[in-house]
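Following: one structure in structure tokens, then a few remarks.
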Amino acid sequence: MIDMAGRYGEDVLAGDWRRRKVTPEVDAEPDLVVEDADSGFCGAVIGFEAGAVVLEDRHGKRRNFPLLPAAFLLDGRPVTLRRPARAPVPAARRRTASGSVAVDNVWAQVAKASRIWVEGIHDAALVERIWGDDLRIEGVVVEPLDGIDALDADVRDFGPAPTRRLGVLVDHLVPGSKESRIVARVTSPYVLVTGHPYVDIWQAVKPTALGIAAWPVVPPGRPWKEGVCAALGVAEPADMWRHILSRVNSFADVETPLINAMERLIDFVTEPA
Numbered sequence: 001m002i003d004m005a006g007r008y009g010e011d012v013l014a015g016d017w018r019r020r021k022v023t024p025e026v027d028a029e030p031d032l033v034v035e036d037a038d039s040g041f042c043g044a045v046i047g048f049e050a051g052a053v054v055l056e057d058r059h060g061k062r063r064n065f066p067l068l069p070a071a072f073l074l075d076g077r078p079v080t081l082r083r084p085a086r087a088p089v090p091a092a093r094r095r096t097a098s099g100s101v102a103v104d105n106v107w108a109q110v111a112k113a114s115r116i117w118v119e120g121i122h123d124a125a126l127v128e129r130i131w132g133d134d135l136r137i138e139g140v141v142v143e144p145l146d147g148i149d150a151l152d153a154d155v156r157d158f159g160p161a162p163t164r165r166l167g168v169l170v171d172h173l174v175p176g177s178k179e180s181r182i183v184a185r186v187t188s189p190y191v192l193v194t195g196h197p198y199v200d201i202w203q204a205v206k207p208t209a210l211g212i213a214a215w216p217v218v219p220p221g222r223p224w225k226e227g228v229c230a231a232l233g234v235a236e237p238a239d240m241w242r243h244i245l246s247r248v249n250s251f252a253d254v255e256t257p258l259i260n261a262m263e264r265l266i267d268f269v270t271e272p273a
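Sequential numbering of the sequence shown, starting at 1, is according to UniProt numbering.
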């Protein structure tokens, strides 16, 4: 007599087979947010490559994952991703001049009490050119100062508080400078003063954006803008500034220290109380 149980092993119909869980299949549509079950990488579907799904996380990092059974988590539950019958064409994500993802159909917020101060109208214009979209969505106003010589008094008049934060962008903020000594007098925890090492906001624009090899070296004792204009053959600083601003289209046209300083200020003044 043949031992059927020994030949075929465990009875495949044993137990309550009707209650066994079946992993659902889900179409990997664009912007569907899932997590790779093995690595924990979480991101939105942006397309397919070589038979794998491409996920992009909130920092813009992309990774490819094979479409294996039960390989992903959707809302914490295992799913099997499948490529839609018709391959989706990922929509191009519009970026603001600062490099952030543009938010469509959103009106600018009513201005908050928090502010960002910059040293002058040129600084304000450059910040608007690059970060204007982001600041309008956050409801943060940028105000130009007439220099920072009275910064500590101006800060006291502003009256910073947990719901009334202040960020200040300072030119030529380097150790041992006059600017660094002025900034040291501002001690409120609701004020962040940061800046860049350049003599003027002009110099924070990359020379390559202007079609020059480098910014001219201006001898000590001569006004920097005047020396730059003379070296480049421009009659008036106002004409030079209009040319500079016209060549700035995004964060890629300015130096990294300015980008880092502005990003820190925006994060600080928009931090929840």
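Just so it is clear, CB atoms sit at the ideal spot from N, CA and C, and this is done for glycine as well.
key: Alpha-carbon to alpha-carbon, Pro197 and residue 278   = Any question about residue 278 goes unanswered here, given that the chain covers just 1 to 273.
Does DSSP put residue 279 in a helix, in a strand, or in coil? For the chain, the structure presents residues 1 to 273; residue 279 sits outside this window and is missing.
From the DSSP output, read off the bridge partner residues of Glu25. Thr80
For this session: Measure the Cβ-Cβ separation of Leu116 and Val254 and say whether it is below 8 Å.
Result: Residue identity check: residue 116 is Ile in the sequence provided, not Leu. Contact: no.
Residue ranges of each beta strand (DSSP E) within the UniProt domain "DUF3097" (114-271), 3 or longer:
115-118, 141-144, 166-170, 191-195
- Query: What residue range is occupied by the uninterrupted beta strand (DSSP E) comprising Arg62?
  - Reply: 62-66
Go to Gly43, then tell me how far its beta strand (DSSP E) extends in each direction, as first and last residue. 42-49
| message | Counting C-beta neighbours from all protein chains within 10 Å, is the total for Asp267 16 or more, i.e. buried, or is it exposed? | response | exposed
Using CA coordinates, which residue listed in Gly132, Pro237, Ile148, Leu210 is at the minimum distance from Val168? Looking at the Cα atoms, Ile148 is the closest of the given residues.
TODO: Could you check how far apart the C-beta atoms of Ala28 and Leu81 are, in whole angstroms? I think they sit under 8 Å.
DONE: 4 Å
| said: My output table needs one value for Asp36: the three-state DSSP class, helix, strand or coil. | reply: strand
Q. In three-state terms, what does DSSP make of Ala71?
A. coil
*asked:* Measuring only the C-alpha atoms, how far is Lys178 from Asp200?
replied: 14 Å
Exercise for review: Using DSSP bridges, identify the partner residues of Ala52.
Suggested key: Glu49, Pro66
- For chain C, is any of its Cβ atoms less than 8 Å away from the one on Glu179? Although the question refers to chain C, the structure presented lacks it and comprises just one protein chain.
Check: Any idea if Pro160 is buried or exposed, counting beta-carbon neighbours within 10 angstroms, 16 or more meaning buried?
Finding: buried
Please confirm whether Phe41 and Arg83 have their CB atoms less than 8 Å apart. For Phe41 and Arg83, no; Cβs fall outside 8 Å.
| When burial is assigned at 16 or more other CB atoms within 10 Å of the CB, is Glu143 buried or exposed? | exposed
Nearest candidate by alpha-carbon position, reference Pro66, set Arg77, Ala37, Ile130 = Ala37
### Query
Since Val205 contacts Val155 with CB under 8 Å, what's their CB separation in whole angstroms?
Val205 to Val155, Cβ: 28 Å. No contact.
CA-to-CA distance, Glu263 to Glu128, given in whole angstroms: 13 Å
Report task. Label Leu135 either buried or exposed according to how many other C-beta atoms from any shown protein chain fall within 10 Å of its C-beta, with 16 as the threshold for buried. Result -> buried
message = Among the candidates Ala150, Asn260, Ala50, Leu232, whose CA atom is the shortest distance from the CA of Pro207?
response = Leu232
Cα separation between Leu166 and Val54?
40 Å
Using only CA atoms, which one of His172, Ala252, Ile46, His243 lies nearest to Arg62?
Ile46
Next on the checklist: Using a 10 Å radius around the Cβ and a threshold of 16 neighbouring Cβ atoms, would you call Ile212 buried or exposed?
Outcome noted: Flag for Ile212 reads exposed.
| Apart from the five residues on each side of it in sequence, which residues of its chain come closer than 6 Å, Cβ to Cβ, to Leu32? | Here the set comprises Val45.
Going by beta-carbon coordinates alone, are Ser246 and Arg164 separated by less than 8 Å?
no
Check your understanding: Using the beta-carbon count (16 or more within 10 Å), is Asp57 buried or exposed?
Key -> exposed
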